Amino acid sequence: MTPGHSAAGRSAANLRVTGHGPGAPGKFIEAVDLSLSFGSTPALRGASLGVAKGEIVAVMGPSGSGKSTLLHCLAGILVPSSGEVHFNGMRLDRLSDDKRSALRRDRFGFVFQSGQLVPELTAEENVALPLLLSGMRRGPAMAAARTWFPTLGLDGLESRRSGELSGGQAQRVALARGLVAGPEVLFADEPTGALDSVSGELVMNLLVTAAREQGTTVVLVTHDARVAAYADREVVVRDGTVSTLTGAKP
Amino acid sequence: MSGAGTLERDAGRPGLNGPGTVGLGLRLAVNGGREAVTRLVILAVAVGLGVGLLLTAVAATNAVTAWNNRHAWFWTGTQQAAPGPATARGGQQSAPLWWHPTSDIYDGQTISRFDVAATGASSPVPPGLSHDPAPGTYYASPALAALLRSVPADQLADRYPGHLAGIIGDAALPSPSSLVIVVGRTPAQLATAVGSVKVTAIATTMPNGGGGNGAISSARNGPRQRSQANFNPNGLRYTPADIGIPASGSDLILSVVALAILLPVLIFIGTATRLSAARREERFAAMRLVGATRTQVSALATVESTAAAVAGVAAGFAVFSGLRIPVAGIPFVAQPFFPGELTLSLFDVIVVAVGVPAAAAVAARLALRRVNISPLGVTRRVTPKPPGAWRVVPLLLGLAELGFWAGHGHPASIQGQIQAFVTSFALIITGLFIAGPWLTMAAARLMARRTSRPGTLIAARRIGDDPRAAFRSVSGLVLALLVTTVATIAIATQDAKNPTRFGNVAESHVLTAQISASSAAAENGGLGARSGIANPGPAAPAAPLAARLSAVPGVQGVLVVRAVPGLTIPGRFENLGVNEFGVNADGSGPPVPAGVVSCAQLATVPALGRCPAGAATAKFPADGFNGPLGFNSKVDTYTWPAADVPAAGLPALGVDGIDMATNGATATVERARTLLEASVYPTVSPPSSYADIAARDNSQNSGYQQLANVVIGVSLVIAGCTLAAGIAAGLAERKRPFSLLRLTGARLSTLRGVVALEGAVPLLTVAVVAIGTGFGAAAMYATEAQNRPMAAPGLAYYLLTAGGIIVSLAIIAATFPILTRITGPETARND
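Chains D and A, in that order, are what the protein sequence lines are. Following this note's numbering, the numbering of the first sequence begins with 1 at its first residue and continues without gaps. Following this note's numbering, the numbering of the second sequence begins with 251 at its first residue and continues without gaps.
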């Protein structure tokens, strides 16, 4: 399993700034002119982004730029104070909390930087958790979870707790958990942020390959250019606004 | 240069010294942010609760001792009390005091009565009085004075000659509810009264073993072995009606109560120390990184814990002062205490004030030894091993032993029964404590393997991961709920049994006045009985008295038992065990003294049996409660043997006793009792009925019941607090995964379910197991020891238990807002 293109095959020279705006065809997910503040601190100031179905988009930016907030708004975790969020033609920001939760549970998957595994559960149970949360019976849920272990190189680790896994192993378990329910969109927030470069590359290879095999749209937040290079397209968030970097993709 | 110089000086500095460590520790504890303050407050509250309850238990023990000691003067003039010095203060010869102790009853309550006659100015004066009452006057305790004012004179006041001259002071009274009267008489009146004695001093100390074997057991419980020192052969052979309770008994009860309440509190304190433990340990690791030594870190932790303990001790004294008055009102020795008696000695205060912070300091050091705080972080030294299956062995042994006794019948001797029950129940209770973690782990693993619910899965895994901690948080309930359930059911069974303990309801309403004892060997009764009065009462007044008694509304019949010296009938003792006191398997036993009754009168008191057909008179047991009536339960079915005394000859015979059938109404019984007591007949003990005995026993039981209720309520609420603290600590540890789960769409209700299950499952499981075991044990005890099917506890028990569990669950639910707050989106932010 390898990503369809490598970071080394791309260079900054291929990228150019086109200004603010969705900048993507299809618009499976679309954020339009989002604004959101935490207290008196603005996190988003008119951010817009469009993501096509099956596309892998990397959202880059320095710490505190608002990239995670943008991801949370796209995923319906946060509701912007102004602007619109559309998912597959649906106005996400107008849905109730329950409906947004159901959407996240049933149609989205998530991978975070660290600490996302429930410590009491085994690796297998952690992977099965989204299926159980969606109401699947234990037997089928565990069976579905187990199929991901050989794919992600986790054979034999099914019964381990999170404390018994290395950082890379835990992150692969988290990836399996994010993908097990066959989500339409996978939101990954610094998925390799806590890993060394080798483990990070392994995780990204697996993430991209699995997403492409499933046709899953991926919104990937990172500040690491090597990670962003796995994406089809990169956007940069600065001071709460989105700049689209378009580049020739091999 | 200056920089280098500074470095040199720093390197040579000895580091943070003792006062500096204390100062820093205090600053961290008090000024270390909201979390540190919250932790300090919760710890202080937990310690405060524990200390408050501990102080209350100690003070209650002191109060019981003081309460018992205040019974000392009731023993004045008895064989058990020392005779007292012959000289008064100042070396003058004491003028003796005629002393005539008796007891009385009003509506099931015991009244201690002392008729006294001073023979001179230096005659001893009972406590609570400034002088001996003059003839024709009496002094009453405040409770009795209030009673005298509130009920018609023909039901109480007419029993006492003269008028109320004053109130007896508290110094003489064991309890604010004590009913005591001191009646002034002339020396001549008491000199001729049976049961009078001259004393030169009022007893001030309890006789050896004086706390009571008599007052607890009823007169019908059979002859008892006396173990009291008999150091005053000239004293009265008399046992006061109100003699307190054995100190060993009250100490045992208070110890069990204190343990049942303190155990949950100690567990609560232990759980509270886990709050913010991880954050605190990280802070210590950071200090190690910048150069703090292990000793300094340990000292800082000790200072923090000691500060909380000191605050807790202060709060504990406040809790104690708040609890004093309500606890004093709980009549668990059948009477409330004077609030002033719930006091602490200086020794008690010093031990608690110094001991608790010292214990907290030691505990903090021990707790810190379980983690290795290095400059690079905190690692747990010990990963808890799963508990082994061997832990169920003691429980199984206890159940097997109980099953063995159930299957093969209990041992024949009472001692054997006690040993069998005590070992079985001790094994079961200890076994529950030992097996608890393993059972918790097994149940949690089973639940985790079977469930499809994510909330249940997470909760089960959490409980199964550290079953010792999960069980520990509720283990205090095992003792509290088991003991109180057994006590409550035993009391309910006893209450159900009492009114018909030795007969039916009609028999329990028969008022019996024993005018004389036909046998000098008859033992004292528990209601202020006196023995050794061999002479029957005069014959002539019986008929007019019987007529007056019959005229009392509610009196259904009057039976006068006439004395015939030397007459006996075969004894019947169905309520005594076989081989006890020569009793045969069919209940027959040695001959007993008897009198003669008119069959016409006996027909008006059918609860006491019948005459053979055609007989005019019948032989009837003498000795009232002390005789065969006391040991039989179906007296109404008996046919007494015919006597060869003609009915016309009865009025010429002396009077042994008078029995009345009544409707049981208080007014009826008390009017009849007042008439009897005001009559010319001296009574061995106050005219009384089984209902009186039952009421007294029930009063004692209701005190124990109230104590049990307090234990149930307090232990459940504290267990709820413990669980809530444990859950709060657990949530803090899982803040991030829970938050991320919520972000990924997990319903808040699912996470709430996790919290609820982690708290409610151990709580409800332990409650069910403890209550179930309690019911089982109580059923066995009722059948084997109380000789009666178990009576279900009253509605109050169920309401209190259910209410306590609901309050505990509500306390657990109080952690939901924490869950909502800590799983907010901001927890997931990486940037």
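Virtual Cβ for every residue (Gly too), placed ideally from N, Cα, C. Just so we're clear, the structure is a prediction, and the values are computed from it rather than from any experiment.
If only complete runs of 4 or more residues are kept, the region 165-232 of chain D shows the alpha helix (DSSP H) at 167-179, 197-214, 225-228, in order along the chain. In terms of Cβ geometry, V449 of chain A and G327 of chain A form a close pair [threshold 8 Å].
At a Cβ-Cβ threshold of 8 Å, T489 of chain A and A322 of chain A do not count as neighbours. If the five residues before and after A865 of chain A are omitted, its C-beta is found closer than 7 Å to the C-beta atoms of C849, A892, all from its own chain and listed in chain order. In the structure shown, Y888 of chain A adopts coil according to DSSP, grouped into three states.
Listed along chain A, no residue sits closer than 8 Å to S40 of chain D by beta-carbon distance, the nearest being about 15 Å off. DSSP assignment within the region 696-748 of chain A yields the following whole alpha helix (DSSP H) runs of 4 residues or more, N-terminal first: 704-715, 717-747. 8 Å or more divides the Cβ of F187 of chain D from the Cβ of F87 of chain D. Contact annotation, L594 of chain A with L305 of chain A: C-beta distance approximately 6 Å; criterion of less than 8 Å satisfied.
For the 8 Å CB-CB criterion, P411 of chain A and G386 of chain A form a contact. Only residues of its own chain outside the window of five on either side were considered, and among them L179 have a CB closer than 6 Å to the CB of A210 of chain D, listed in chain order. A direct Cα-to-Cα measurement between A561 of chain A and L618 of chain A gives close to 21 Å. Ranked by Cα distance from G358 of chain A, the options A:A1029, A:L957, A:P937, A:G419 are led by A:P937. Residue A:P843 holds the alpha-carbon nearest to the alpha-carbon of D906 of chain A among A:Q956, A:P843, A:I431. A797 of chain A sits in a helix when the DSSP states are folded into three classes. Taken atom to atom, the span from the alpha-carbon of A898 of chain A to that of A872 of chain A is near 20 Å. Residues of the region 1052-1073 of chain A with a C-beta less than 7 Å from any C-beta of chain D: none at all. If you look at P392 of chain A, you'll find it isn't in any beta strand (DSSP E); it sits in the alpha helix (DSSP H) that goes 392-400. For G334 of chain A, there is no enclosing beta strand (DSSP E), as DSSP gives it neither H nor E.
C-alpha of L36 of chain D to C-alpha of R161 of chain D: approximately 37 Å in a straight line. Cβ-Cβ separation between V366 of chain A and R435 of chain A: approximately 7 Å, consistent with a contact (criterion under 8 Å). At least one CB atom of chain D sits nearer than 8 Å to the CB of G995 of chain A.
Residue pairing by DSSP places I361 of chain A opposite A:D354 in a beta bridge. As DSSP reads the structure, W348 of chain A sits in a beta bridge with A:A367, A:K448.
Between S965 of chain A and A510 of chain A, the CB-CB gap stays under 8 Å.
Cβ-Cβ separation between A558 of chain A and V297 of chain A: approximately 6 Å, consistent with a contact (criterion under 8 Å). Proximity of chain D to T701 of chain A at the Cβ level (cut-off 7 Å) is accounted for by R138, in chain order. Scanning its chain for C-beta atoms nearer than 6 Å, with the 5 sequence neighbours on each side dropped, one finds no residue around A692 of chain A. Annotation for L133 of chain D: R105 place their beta carbon closer than 7 Å to its own, counting only its chain and skipping 5 residues before and after. Burial state of K635 of chain A is exposed, judged by a 10 Å Cβ sphere holding fewer than 16 other Cβ atoms. Under the Cβ distance rule, L1007 of chain A does not count among the residues neighbouring chain D, no pair being separated by less than 8 Å. The continuous beta strand (DSSP E) containing P843 of chain A extends over residues 838-848. Against chain A, the beta carbon of S101 of chain D has neighbours under 7 Å at G995, R997, listed in chain order. Under the DSSP assignment, V919 of chain A falls outside any beta strand (DSSP E), being part of the alpha helix (DSSP H) whose first and last residues are 916-927.
Your pair T222 of chain D and V185 of chain D does not check out as a contact, with CB atoms roughly 16 Å apart and the cut at 8 Å. When 7 Å is used as the limit between beta carbons, P1012 of chain A is near no residue of chain D, the shortest such separation being about 15 Å.
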